[in-house]
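Colleague:
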Amino acid sequence: MKILAGPASIELGKKIANELNLSLINLENKLFTDGETYLQIDGEVENEEVMIVQNTFPNQEKRLIEIMLIASTLKEFEASKVYLFAPYLCYARADRRRIAKEIISHKVTLELLYKSGVDSVLTFNVHNREAFTSLVPELEKYDISILPEIRDYLKDIVDENFVIVGPDRGITNELQYFSDELTIPFNSLDKFRDPETHEITMTDTGLDIEDKNVILLDDVITSGGTAIDACKLILSRKPKSLFFLVIHAIAKPDVFVKIKEIGVDKVISTNTITRSDIEQIEISSAASKFIKDKFL
Ligand code: R5P
19 MKILAGPASI ELGKKIANEL NLSLINLENK LFTDGETYLQ IDGEVENEEV MIVQNTFPNQ
79 EKRLIEIMLI ASTLKEFEAS KVYLFAPYLC YARADRRRIA KEIISHKVTL ELLYKSGVDS
139 VLTFNVHNRE AFTSLVPELE KYDISILPEI RDYLKDIVDE NFVIVGPDRG ITNELQYFSD
199 ELTIPFNSLD KFRDPETHEI TMTDTGLDIE DKNVILLDDV ITSGGTAIDA CKLILSRKPK
259 SLFFLVIHAI AKPDVFVKIK EIGVDKVIST NTITRSDIEQ IEISSAASKF IKDKFL
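Each residue of the sequence shown is one higher than the last, beginning at 19 in our numbering.
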């Protein structure tokens, strides 16, 4: 297997190639004056398996197009198999049709990747594992769990005074995992998002967190509405401390400023999306390990 680092993930691609001792295919990459991407693959790909490493946030549409351009050209020059490793997979949240003719972006995106030449997609903690694995069955897919790396980070911090809490029941499996692995209790709030106004109502389900160290866990933060409402509710129950831990940190920097301003002691995410304004848990070695165990 060879690694091809896409324009969005040059450092990550190099890191994975180094960690796995794989050769890196050079990619000439520049921007035309209209903002479109020029790409040229510089290296042998015939009969080679190639792993494109390219994240799909920010600039989702541009990043997807670049992947499709690269995958299509790899296939044109007879690469034997094309993988995509995108630490965060965009367009995965519209995974079912709620109203007539609503576009299931997750399905269409997977179809487009497949039709452009991608044979296999690897990502971390996709929004809905069931939808990801069942949609577009001709495309091979791997949803890699980053929870063991988060557990290793947390085990140096937590003691018996910690509780892990989710903002809604959608994160119950992850809460259960950390509860079992770290021997701490878990609980979740009840979240209702009005389908028309998108307004969130957060309710308590009997939290016992006074004087406890609380970790609020979510899979993703975008507008920050969920996290902010959940943090406010938790803080009103007078915990000793509150950490906000999120897997995919998509929100704009001012959202994290606000979260800290309302009294959250620490914000942590993984670097499926790299940023410098919060503490991050490294994902590259988990990706390399998965690739090695599965494909090498
Ligand atoms: C919802 O089911 C997810 O787990 C997140 O809580 C949600 O997508 C976060 O979005 P926002 O930051 O816009 O509230």
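Where a beta carbon is used, it is the ideal one built from N, C-alpha and C, also for glycine. Computed from a prediction, not measured in an experiment: that's the story for all the values here.
1. Compare the Cα-Cα distances from Thr290 to each of Asp177, Thr74, Ala248 and Lys307 and report the closest residue.
2. Under 8 Å by Cβ, that's how I've got Ile299 and Thr292 pegged, so tell me the actual separation to the nearest angstrom.
3. Going by the DSSP bridge assignment, what does Met69 pair with across the sheet?
4. By DSSP, does Tyr132 sit in helix, in strand, or in coil?
5. If you count every other CB in all the chains shown that lies within 10 Å of the CB of Ala118, and 16 or more means buried, which is it?
6. Put Asn44 into one of helix, strand or coil per three-state DSSP.
7. For Val275, count neighbouring C-beta atoms within 10 Å of its own C-beta (all shown protein chains included) and say buried if the count is 16 or more, exposed if not.
8. Just curious, the alpha helix (DSSP H) that Val144 is in, first and last residue?
9. Leu157 and Val139 - do their beta-carbons sit closer together than 8 Å?
10. What I want to know is whether the C-beta of Thr15 ends up closer than 7 Å to one or more non-hydrogen atoms of ligand 1.
11. Leaving out the 5 sequence neighbours to the left and right, which residues in its chain are closer than 6 Å to Lys284 when beta-carbon positions are compared?
12. Of the choices Pro155, Gln194, Pro203 and Thr190, whose alpha-carbon is the least far from that of Asp177?
13. Going by C-alpha distance, which of Ile268, Glu228 and Val273 is nearest Leu253?
14. Would you call the region 147-157 and the region 91-103 touching, i.e. three or more CB-CB distances under 8 Å?
15. So, using beta-carbon positions, are Phe196 and Leu225 closer together than 8 Å?
16. For Leu49, count the other beta carbons within 10 Å of its own beta carbon; 16 or more makes it buried, fewer makes it exposed. Which is it?
17. Closer than 7 Å to a non-hydrogen atom of ligand 1 - does that hold for the CB of Thr290?
18. Whether or not the region 90-97 and the region 116-132 are in contact is what I'm after, with contact meaning three or more pairs of Cβ atoms, one per stretch, closer than 8 Å; do they touch?
19. Are Leu38 and Ile309 touching if we call contact CB-CB under 8 Å?
20. Suppose the cutoff is 7 Å on Cβ atoms and the five residues either side in sequence are ignored; what does the same chain contact list for Ser244 look like?
21. Answer with buried or exposed for Gly31, where buried requires no fewer than 16 other C-beta atoms within 10 angstroms of its C-beta.
22. Taking 7 Å as the cut-off, is the CB of Ile233 close to at least one heavy atom of ligand 1?
23. Once DSSP output is grouped into helix, strand and coil, what is the label at Gly31?
24. Indicate the three-state DSSP secondary structure (helix, strand or coil) for Leu49 in the structure shown.
25. Per DSSP, what kind of secondary structure is Phe308 in: helix, strand or coil?
26. Just the C-alpha distance for Val136 and Lys256, rounded to the nearest angstrom, thanks.
27. Looking at Ser241 and ligand 2, is the gap between the Cβ and the nearest heavy atom below 7 Å?
28. Could you pull the start and end residues of the beta strand (DSSP E) that Phe261 belongs to?
Modeller: By the coordinates alone:
1. Thr74
2. Not quite, the Cβ-Cβ distance comes to about 12 Å (not below 8 Å), so this is no contact.
3. Ile21 and Tyr101
4. helix
5. exposed
6. If DSSP states are grouped into helix, strand and coil, Asn44 belongs with the strands.
7. exposed
8. That residue, Val144, is in no alpha helix (DSSP H); it is neither H nor E in DSSP.
9. yes
10. A question about residue 15 goes unanswered here, because the residues of the chain that appear run from 19 up to 314.
11. Phe261
12. Among Pro155, Gln194, Pro203 and Thr190, the Cα nearest to that of Asp177 belongs to Pro203.
13. Between Leu253 and the set Ile268, Glu228 and Val273, the nearest pair of CA atoms involves Glu228.
14. no
15. no
16. exposed
17. Incorrect: Thr290 has no Cβ contact closer than 7 Å to ligand 1.
18. no
19. yes
20. According to the sequence shown, residue 244 is Thr rather than Ser. Pro185, Lys209, Ile218 and Asp236.
21. It counts as buried.
22. no
23. Correct three-state label for Gly31: helix.
24. strand
25. helix
26. Computed Cα separation, rounded: 50 Å.
27. Judged by which ligands are present, ligand 2 is missing from the structure shown, whose ligands are ligand 1.
28. Ser259 to Ala267
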